[in-house]
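Numbering-wise (the numbering used here), the sequence shown opens with residue 1 and increments by one. One structure below.
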Amino acid sequence: MNNKGDINLMFKWIFGTIAGAVLLSFFVSFSVTHLEGSKVLEGNKMVVFIDDKLDALGLGEGGNVLELEDEFLIGFECGSISAGEWEDDNYAERSTDKVIFSAGRLEGETINMWTQKWEFPYRVVTFNYLSNLKNYYVLVHDSDNSDDVLDLANNIPNNMNFQTVGSSDFNPSDFSGQAKYADKFTFVFFGSSDYTVKRIKNSFYGDVKVEIIEVNLNVNTAKIYNNYGDIEDVFYLGDEMLYGLIFSGTGYTCAKDRAMERFRTITQIYNYKVQRLMGKTNDPDCLNLLNEGRRMLNTFLSVNSKSEFYNYFEKIERQNRGLREKSCSTIY
1 MNNKGDINLM FKWIFGTIAG AVLLSFFVSF SVTHLEGSKV LEGNKMVVFI
51 DDKLDALGLG EGGNVLELED EFLIGFECGS ISAGEWEDDN YAERSTDKVI
101 FSAGRLEGET INMWTQKWEF PYRVVTFNYL SNLKNYYVLV HDSDNSDDVL
151 DLANNIPNNM NFQTVGSSDF NPSDFSGQAK YADKFTFVFF GSSDYTVKRI
201 KNSFYGDVKV EIIEVNLNVN TAKIYNNYGD IEDVFYLGDE MLYGLIFSGT
251 GYTCAKDRAM ERFRTITQIY NYKVQRLMGK TNDPDCLNLL NEGRRMLNTF
301 LSVNSKSEFY NYFEKIERQN RGLREKSCST IY
């Protein structure tokens with residue numbers, strides 16, 4: 001009887017152990033699943049929060065600081081906002097219609113924001129410039145363009161980590177201390193430069209990312225040298241787009257192309273507006289001026305070169321001024 005009792009007790013103990021292990025496994029599995037789900041939720045909430053914040057800031061112009069309340073890795077790729085690493089469980093991504101100029105990936109608890117309206121010549125879209133404390137920008141000017149470069153720098157909010165230096169005083173080793181804490185250093189030379197990406201990186205300790213931009217203010221063009229020294233030739237339309245070039249570096253072309261898509265949409269809207277105005281006026285002078293403006297807008301829709309953009313920018317601006325002087329309805 002005692003042996004039978006011992007056997008029964010043993011079976012009860014084994015069954016209890018197995019059942020307990022199964023229950024423990026279930027609760028652990030549930031907890032992990034719940035935790036991972038919370039991470040995904042946090043990532044989704046973060047990208048929606050940032051997109052909504054950009055919506056609010058887009059109503060005006062100026063600088064702002066976005067407090068994330070925790071350390072996040074935020075990505076701003078072409079047409080999307082993401083949170084976390086691609087392979088992580090908490091990765092989340094959201095498409096956006098914003099035109100964002102940034103270093104691409106910003107890590108930390110804060111994002112510094114600056115918004116400006118881009119007009120060419122009429123208002124087109126809000127540009128969003130984003131950075132953080134780990135991205136540094138150095139504007140290098142010479143004696144011929146120092147006033148223009150300093151004016152550009154003075155418009156930038158103080159928290160954007162911008163510095164200016166004369167070309168005769170420039171030495172990359174002077175920034176080696178800051179480079180220890182940097183994710184990326186962008187050196188913008190207004191004019192040509194003898195410095196290469198490799199030469200500047202050799203002045204730094206660690207593996208900080210370096211990009212060089214050479215800007216020609218006279219013809220509104222630039223060369224972008226990425227972290228490996230590869231070159232891309234670009235142009236910009238107005239100071240607002242030049243700022244975008246500086247903030248985004250190698251990510252500039254995609255953001256610029258999105259801005260140009262919006263530009264063509266807005267230009268088409270103004271084209272329709274002028275056609276409607278032509279149908280409502282009885283003044284022959286106004287009709288002729290509006291018709292000429294309509295033809296300019298039609299051409300403006302299809303231009304692709306920098307020189308054509310600036311040429312028709314000036315023509316439409318002048319045509320709009322002529323309409324105003326004749327007391328006619330204007331293009332914009």
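C-beta: ideal position from N, C-alpha, C; glycine also.
For Leu106, the three-state secondary structure derived from DSSP is strand.
The beta-bridge partner set that DSSP reports for Lys117 consists of Thr126. Secondary structure of Tyr236 (DSSP, three-state): coil. Exclusion of the five residues before and after Ala103 leaves Asn135, Lys184 as the residues of its chain whose Cβ lies within less than 6 Å of its Cβ. The region 210-217 makes contact with the region 174-193: 3 or more CB pairs, one atom from each, lie closer than 8 Å. For Ser307, the three-state secondary structure derived from DSSP is helix. Between Ser176 and Phe204, the gap from beta carbon to beta carbon is short of 9 Å. In the three-state reduction of the DSSP assignment, Leu73 falls in the strand class. Membership of Gly177 in the alpha helix (DSSP H) is indicated by the continuous run 176-179. Annotation for Ile331: Tyr270, Val274, Gly293, Ile316, Gln319, Asn320, Leu323 place their beta carbon closer than 7 Å to its own, counting only its chain and skipping 5 residues before and after. Check the Cα spacing between Asn112 and each of Ala222, Phe162, Asp239, Asn227: the tightest is with Phe162. Taking a C-beta distance under 9 Å as the contact criterion, Val47 and Glu93 qualify as a contact pair. Shortest Cα-Cα distance from Val303 to any of Thr267, Thr281, Ser327 involves Thr267.
Here the C-alpha atom of Leu139 lies approximately 14 Å from the C-alpha atom of Asn158. Distance from the CA atom of His141 to the CA atom of Val165, rounded to whole angstroms, is 6 Å. By the Cβ-count criterion, Ser248 is buried, with 16 or more other Cβ atoms from all chains shown falling within 10 Å of its own Cβ. In this structure, Ile200 is the residue among Asp207, Leu290, Ile200 with its C-alpha nearest to the C-alpha of Phe170. Straight-line spacing of the CA atoms in Glu107 and Asn291 works out to 52 Å.
Pairing Lys280 with Phe235 gives a Cβ-Cβ distance that is not under 9 Å. In the DSSP assignment, Ser80 falls within the beta strand (DSSP E) that extends over 80-83. For Ala255, there is no enclosing beta strand (DSSP E); the enclosing alpha helix (DSSP H) covers residues 252-278.
If the five residues before and after Tyr122 are omitted, its C-beta is found closer than 6 Å to the C-beta atoms of Tyr332, all from its own chain and listed in chain order. DSSP lists Phe189, Lys223 as the beta-bridge partner residues of Glu214.
Here Ala222 is buried, its C-beta having at least 16 other C-beta atoms within 10 Å. Your pair Lys117 and Glu71 does not check out as a contact, with CB atoms roughly 32 Å apart and the cut at 8 Å.
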